[in-house]
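As given, the protein sequences belong to chains B and W, one line each in that order. For the first sequence, the working numbering gives the first residue as 276, with consecutive numbering after it. For the second sequence, the working numbering gives the first residue as 276, with consecutive numbering after it. Where a beta carbon is used, it is the ideal one built from N, C-alpha and C, also for glycine. See structure below.
Number of protein chains: 2
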Amino acid sequence: MRDSTRVTFLPDGQTIEVEEGTSVLAAAAHIGLAIASPCGGNATCGRCQVRVEQGIWEPNQAEQRLLTSEELAQGFRLACQGRCSGDIVVFVPEFSRTAIHQIAVEGIGAEIEVDPAVRKIFLRLPAPSVQDLRSDFSRLLAGIGSPDLSLDSDPGFLREAATAIRRANFRVTAVVADSKVIAVEEGDTSADCYGAAVDIGTSTIVLYLIRLSTGERVAVAATPNPQSRHGEDVISRVQFARSQPDGTARLQALVRDALNRLIGQACKQAGVLPNHIWEMVFVGNSCMTHLMLGVPPEGLGMAPYVPSFSCAQYVPASALGLRINARARAYVLSGIAGFVGADTVGVILATRLWQDDGLRVAVDIGTNGEVVVASGGRLLAASGAAGPAFEGARISSGMPAVAGAIDTVRIEDEIAVTTIAGAPPRGICGSGLVDAAAELLRMGVVQPDGRLGPAEPGALPAWLAERVHGKGAGASVELVSAKQSGGKPVKLTARDFRELQLAKGAIAAAISLLLQKTGASYDDVSELLLAGAFGNYIRPASALAIGLLPPVPLERIRPVGNAAGVGAQVALLSRPLRRQAEEIARAVEYVELCDEPGFYDRFAELMALAPSQAVGRGG
Amino acid sequence: MRDSTRVTFLPDGQTIEVEEGTSVLAAAAHIGLAIASPCGGNATCGRCQVRVEQGIWEPNQAEQRLLTSEELAQGFRLACQGRCSGDIVVFVPEFSRTAIHQIAVEGIGAEIEVDPAVRKIFLRLPAPSVQDLRSDFSRLLAGIGSPDLSLDSDPGFLREAATAIRRANFRVTAVVADSKVIAVEEGDTSADCYGAAVDIGTSTIVLYLIRLSTGERVAVAATPNPQSRHGEDVISRVQFARSQPDGTARLQALVRDALNRLIGQACKQAGVLPNHIWEMVFVGNSCMTHLMLGVPPEGLGMAPYVPSFSCAQYVPASALGLRINARARAYVLSGIAGFVGADTVGVILATRLWQDDGLRVAVDIGTNGEVVVASGGRLLAASGAAGPAFEGARISSGMPAVAGAIDTVRIEDEIAVTTIAGAPPRGICGSGLVDAAAELLRMGVVQPDGRLGPAEPGALPAWLAERVHGKGAGASVELVSAKQSGGKPVKLTARDFRELQLAKGAIAAAISLLLQKTGASYDDVSELLLAGAFGNYIRPASALAIGLLPPVPLERIRPVGNAAGVGAQVALLSRPLRRQAEEIARAVEYVELCDEPGFYDRFAELMALAPSQAVGRGG
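Here it is, written out as structure tokens:
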């Protein structure tokens, strides 16, 4: 047993007793004081500077090399080189402390520790000498100090890195992505390190620009997906890609140009150079990720709807034509199946769906309603083919959720609607449709079986009966008159209700079937998370009233915003969570609904416009 | 213990007793009968066809999928699927046997087993179904069956592979490089698989075109290194790269264009499409490999002569502008130090220098003489700075070893010379210089201390004395008169002998010092291998006479041809040996001669033109 000795760290004033000979860096770690040591205590980065306030500490060769004579004269030494002996007191300046950042994740409330896959490490490497004949790259790798490190294999990298090391006289910043050195820059550029997280939605693309060292979100930019000109939904884009010459390449070019515009906008907003973006992380449904990478979405266009790839992809950003640093990477999160893509994995990641004990359900309603159920360590996923009704398509007065779209409907003594941005009503969007259906159902204007018109003649108040025109398949109800709208009336037809029934039935059946597979009933659901724009705008009570959502108490329903986009940000900022997302994607049990016995019966049952418990139970 | 059963393989007629249930493929392996199974017995490649001659073997699902109904009717089955039960007899057709090729390596006499890093595997993958929803790429990877397999991350690869799988209806050929799938082609292209091994010499570039599946060398092409226009030797090219604008890029372009010409020539010779070349393996000194990759050879131009990289490099061939398959790889062998490059590792690999028990020495004489000594499991390497004398430069009548160069010299009653290609003598090349020096030394025209002229007046026969002109530093000896040459006379001057002394002294001192470091003496040398063109043409007796080589018995001296180029071919054809070369490169002990105490004394001593034992001993 060696003698013990005491070290005190200022200005914190903490003292620790350690064995003689322990390094000062290790002693600090014992009491949870994080001193920066990107080189791992290898005496190559010179970052772990402390000032000796009391005690004797002669500078060794490494310290003489890495510290200026001025710094040495002021008493600065390297914590990794100092050995505790006698009682010593050191001052740890702010610039030597590591930043362990926790960032709060929007809409989720959880915090993550910032530990990005891409990081910059400034190095002061020893120059070659007859006693140290290692090649420049061996020197570099040893300086970074992590084991299993490799170099990028691009000749451009080799040329630029070799040149930078020599021109900067062995004072360089290494850009490390996971365990690969992807760039070497002259001098200390460690402050210029950004990443972008992108959600490529079928209708909207959102880009978040993030400072990687702190996790701070410095800008957000969004744009409609310009691929829409070749089809509103996934299936029509797949058809375009398959049927048109260069269809895939043309769709890829559209999304690439949109991404470059967003990069430009976000960088301008934040005063960041695009060249300082080192990684982009993408989520999106399988069709969007295939098209972004230029992979023909062939298999997604025919049964059994199999993607070309599901696992995560790393590709050089330059090969995608992204105008960020030429050595930057693009990362696409894992998907699960043809119609349960990387966006769903993003939702799972953002909500940590797997972490809780309770039975949790996440639903992302769009053209496809992706449903994930977490229960007792298992994750099950399915996709309900809702069709585009909730996005306003195939509905006679339907429109996307933009200015002038009816988004809420209330019926008391009159039909009261609100519109997005308060503009004159031009049509109805998904949340308005669900609201309208719930209110018309309550008032008896529409029946649970989807029939439009009163259950029996005279059952409606006269003012309301007047709004219903025609009969049977030709019936319609006028929500807003031509006079009120100042243009065309906004109506819902019997056919619109049929579309709604198909859409809600698909989602409800997916939820019900997954719950049944876990052996759970509706009552067991501890939390029902609504992801995506639709989930944010929908009125949960209305969704419950028509049985779009399973019958859980209102307080257990929680909209979680653009969880897919948040998932992309989490993957950008946390290496461990990114890895976990890949494992989870592999572990999720995908349920192909069409192949499940009894699915179509359940679907038919759940097409009723009524709270689900009345007609079906999971389990 | 299960029951045993017997299987007989025809036409070989071998019978083996195995446990019931053993696969036929495994049973064949037991008796050393190699049935092709590139998918590893995974029932995806369909290559292991055997015909059942006796016994019952109903085709299973996999066999029904992979074999045509005609094949099934003829009794063909898959050896990986058949289970031994009852006594069975199978016929193994020629096309189901794997080719375990042994190729003899030129100049070395050793054989290697063909096991290239790049291989093609034809696959018949099952099509997706509702019961099998794996993505196309998961299906592909499972079909190849090797564990730890990954896909190339280039978006071009992803696009092309996805397209090929769908267009060829899941009948594709995977191109696998080590454990990465680098391409997927439609249908069965497994026959079209070539590689090229290249020795980039400072003066000559040689390319060997090789069929990877058999190891067969189908063409050889060579060209002078066009970089020579910017400097004959390594140092002047480093200077050019450092001092000229785009110097490195211009030198890289010259070698790239030369390589593309060689590829074109070799492919034309062999009737092979350049597109069917999937890997190129390169050796060369550090300057050549840096320039080939476009890496500035900065560090090689100043003490302590450290390269930017020493370890092996894999880069995409397309990024180097090589006109072979766009998805092909280029591999550069590991180097050891600034002046002991990948060419020396090639020599070590070609000669298996590490494998023998005896003390073996390999010497590659060029501008630098690289020396490697293998002894008791250790490998030591050094570079003797011989200068360009052996390549004919800095010698007054010196010239490269081309037509008209004097390559042998004999002195009896006259000075008899031969020239390369029998052309009229225009000058003298390295081997001629060594020969001339040995003969002039024997006749007393030159003295061991390098002085030109007889030891004492009248010591020479009159006819020979007439050939010596001038005195002291101004002296010269005429080997060929103007009359004989039909042009200028070919002379050697006192200054030429000084150059020769410096050159031979550097090589001899390097050998001597490395031997000393292993504790061995000259007598212990069991084999002295001479690599490179110079080693092929030099007369060993003459090299011994002037002490260029250490005093070992003549029969222990063995020229081994272009061993560096052979090493490149070995690395191209053998994955295990390539891996071993990388390990060996790391394990070689590099000796920096300038830093060795006593080196300069030894160098001065060994400058004498005399057999080495007279003046120095290793050990």
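Determine contact between the segment 343 to 362 of chain W and the segment 304 to 319 of chain W, defined as no fewer than three beta-carbon pairs at a distance below 8 angstroms. Between the segment 343 to 362 of chain W and the segment 304 to 319 of chain W there are three or more inter-stretch CB-CB distances shorter than 8 angstroms, so the stretches are counted as touching.
Taking W:Ser-404 as the query, report the chain B residues whose CB atoms sit under 8 angstroms from its CB, ordered along the chain. On the second sequence, residue 404 of chain W is found 129 positions in, with the first residue counted as 1. Close to W:Ser-404, with beta-carbon spacing below 8 angstroms, are these residues of chain B in chain order: Pro-579.
If contact is defined by three or more beta carbon pairs under 8 angstroms, each pair taking one atom from either stretch, is the segment 740 to 751 of chain B in contact with the segment 782 to 792 of chain B? No contact exists between the segment 782 to 792 of chain B and the segment 740 to 751 of chain B.
Thinking W:Ile-703 and W:Ala-656 are a contact (beta carbons under 8 angstroms), I'd like their distance in whole angstroms, please. Along the second sequence, one-based indexing puts residue 703 of chain W at 428. Along the second sequence, one-based indexing puts residue 656 of chain W at 381. So it is not a contact: roughly 30 angstroms between Cβ atoms.
Pairing CB atoms from the segment 395 to 407 of chain W with CB atoms from the segment 859 to 877 of chain W, are three or more of them under 8 angstroms? no
Span separating the alpha-carbon of W:Cys-359 from that of W:Glu-435: Along the second sequence, read from residue 1 onward, the residue named residue 359 of chain W stands at position 84. Along the second sequence, read from residue 1 onward, the residue named residue 435 of chain W stands at position 160. So the alpha carbons of these two residues sit roughly 41 angstroms apart.
Backbone secondary structure at B:Lys-543 - three-state DSSP: Here residue 543 of chain B refers to the residue found at position 268 of the first sequence. Note: B:Lys-543 maps to helix in three-state DSSP.
Start-to-end residues for the beta strand (DSSP E) that takes in B:Asp-639: Position 364 of the first sequence, counted from the start, is the residue given in the question as residue 639 of chain B. Element bounds for B:Asp-639: 634 to 640.
Under 6 angstroms Cβ to Cβ from W:Ile-832, same chain only, skipping five residues before and after it: list those, please. Numbered from its first residue, the second sequence carries residue 832 of chain W at position 557. Closer than 6 angstroms at Cβ, skipping near neighbours: Leu-803 and Pro-815.
Residues bridged to B:Leu-482 by DSSP? Looking up residue 482 of chain B in the first sequence gives position 207. Beta-bridge pairing links B:Leu-482 to B:Val-473 and B:Ala-496.
Tell me the rounded alpha-carbon separation between B:Pro-723 and B:Ala-795. Residue numbering aside, residue 723 of chain B sits at position 448 when the first sequence is read from its first letter. Residue numbering aside, residue 795 of chain B sits at position 520 when the first sequence is read from its first letter. Distance between the alpha carbons of B:Pro-723 and B:Ala-795: 26 angstroms.
Of all the alpha helix (DSSP H) runs that stay within the bounds of the segment 778 to 861 of chain W, which reach a length of 4 or more residues? 807 to 812, 815 to 820 and 838 to 848
From B:Pro-430 to W:His-565, what distance separates their C-alpha atoms? As a working note, residue 430 of chain B is residue 155 in the first sequence. As a working note, residue 565 of chain W is residue 290 in the second sequence. Approximately 10 angstroms between the Cα atoms of the pair.
W:Asp-423 at chain D interface by Cβ criterion, 9 angstroms: No chain D appears in the structure shown, which is made up of the protein chains B and W.
Give the interface partners of B:Glu-573 over in chain W, defined as CB-CB distance under 8 angstroms, in chain order. Counting from one through the first sequence, the residue named residue 573 of chain B turns up at place 298. Result: Ala-437, Thr-438 and Arg-441.
Using only CA atoms, which one of W:Val-558, W:Leu-595 and W:Leu-597 lies nearest to W:Ser-585? Position 310 of the second sequence holds residue 585 of chain W. It is W:Val-558 whose Cα lies nearest to the Cα of W:Ser-585.
Assuming the contact rule is C-beta atoms closer than 8 angstroms, W:Ile-419 and W:Ala-439 should be a hit. Round their C-beta distance to whole Å, please. To locate residue 419 of chain W, count along the second sequence from 1; it is residue 144. To locate residue 439 of chain W, count along the second sequence from 1; it is residue 164. Contact between W:Ile-419 and W:Ala-439 does not hold, since the beta-carbon distance rounds to 14 angstroms and is not under 8 angstroms.
Is it true that the CB of B:Leu-484 sits closer than 9 angstroms to the CB of B:Ala-496? Position 221 of the first sequence, counted from the first residue, corresponds to residue 496 of chain B. Position 209 of the first sequence, counted from the first residue, corresponds to residue 484 of chain B. Yes, the pair counts as a contact, with Cβ atoms nearer than the cut-off.
Identify every residue that forms a DSSP beta bridge with B:Arg-322. If you number the first sequence from 1, residue 322 of chain B lands on position 47. Its beta-bridge partners do not exist; DSSP assigns none.
Closer than 8 angstroms at the beta carbon, the chain W residues around B:Val-509: What you label residue 509 of chain B is simply residue 234 of the first sequence in a count that begins at 1. Within chain W, no residue comes near B:Val-509; the closest Cβ sits about 16 angstroms away, beyond 8 angstroms.
Residue range of the unbroken alpha helix (DSSP H) whose run includes B:Asp-411: In the first sequence, residue 411 of chain B corresponds to position 136, counting from 1. From DSSP, the alpha helix (DSSP H) with B:Asp-411 extends over 411 to 419.
Within 9 angstroms of any Cβ in chain B, is that where the Cβ of W:Thr-619 sits? As a first step, residue 619 of chain W must be located in the second sequence, where it is residue number 344. Not an interface residue.
Contacting residues, own chain, Cβ-Cβ under 7 angstroms from W:Ala-302 (five flanking each side not counted): Here residue 302 of chain W refers to the residue found at position 27 when the second sequence is read from its first residue. Val-282, Ile-291, Val-293 and Cys-359.
Whole-angstrom Cβ separation of B:Val-615 and B:Glu-645, contact assumed at under 8 angstroms? Along the first sequence, one-based indexing puts residue 615 of chain B at 340. Along the first sequence, one-based indexing puts residue 645 of chain B at 370. That pair is a contact at about 5 angstroms.
B:Leu-400 and B:Val-447 closer than 9 angstroms at C-beta: The residue you call residue 400 of chain B lines up with position 125 of the first sequence. The residue you call residue 447 of chain B lines up with position 172 of the first sequence. Contact flag set, yes.
Using a C-beta to C-beta distance shorter than 9 angstroms, which residues of chain W count as neighbours of B:Phe-412? Numbered from 1 along the first sequence, position 137 holds the residue referred to as residue 412 of chain B. Chain W residues near B:Phe-412: Pro-582, Ser-583, Phe-584, Ser-585 and Cys-586.
Whole-angstrom distance between W:Ser-428 and B:Ala-534, CA atom to CA atom: If you number the first sequence from 1, residue 534 of chain B lands on position 259. If you number the second sequence from 1, residue 428 of chain W lands on position 153. Checking the sequence shown, residue 534 of chain B turns out to be Leu, not Ala. Approximately 20 angstroms, taken between the alpha carbons.
Can at least three beta-carbon pairs, one atom from the segment 612 to 631 of chain B and one from the segment 541 to 561 of chain B, be found at a separation below 8 angstroms? yes
Closest Cα partner of W:Glu-554 within the set W:Ala-578, W:Ala-471, W:Arg-504 and W:Ile-538: As a working mapping, residue 554 of chain W is identified with position 279 in the second sequence. Per the Cα distances, W:Ala-471.
By Cβ distance, which residues of its chain are closer than 8 angstroms to W:Pro-501, with the 5 residues on each side in sequence left out? As a first step, residue 501 of chain W is located in the second sequence; it is residue number 226 there, counting from the start. These residues qualify, in order along the chain: Leu-529, Val-530, Asp-532 and Ala-533.
Would the beta-carbon of B:Leu-608 fall within 9 angstroms of that of B:Ala-617? For the purposes of this step, residue 608 of chain B is identified with residue 333 of the first sequence, where counting begins at 1. For the purposes of this step, residue 617 of chain B is identified with residue 342 of the first sequence, where counting begins at 1. The answer is yes: Cβ separation under 9 angstroms.
Look up W:Glu-753 in the DSSP assignment and say whether it is helix, strand or coil. Taking the first residue of the second sequence as 1, we reach residue 753 of chain W at position 478. Reduced to three states, the DSSP call for W:Glu-753 is strand.
Report all residues from its chain with a CB closer than 6 angstroms to the CB of B:Phe-809; omit the five preceding and five following residues, and keep chain order. Stepping through the first sequence from its first residue, residue 809 of chain B is reached at position 534. If we look at B:Phe-809 and ignore the five residues flanking it on each side, its Cβ neighbours are Ile-640, Phe-665 and Gly-705.
Contact list for B:Cys-869 against chain W, beta-carbon separation under 9 angstroms: Along the first sequence, read from residue 1 onward, the residue named residue 869 of chain B stands at position 594. Residues of chain W passing the Cβ test: Val-405.
Chain W within 9 angstroms of B:Tyr-812, Cβ atoms only: Counted from its first residue, the first sequence places residue 812 of chain B at position 537. Taking Cβ atoms only, chain W never reaches closer than 9 angstroms to B:Tyr-812, which makes this a no.
Give a yes or no on whether the C-beta atoms belonging to W:Val-720 and W:Leu-708 are separated by under 9 angstroms. Within the second sequence, residue 720 of chain W is the residue found at index 445, counting from 1. Within the second sequence, residue 708 of chain W is the residue found at index 433, counting from 1. Not a contact, by the Cβ cut-off of 9 angstroms.
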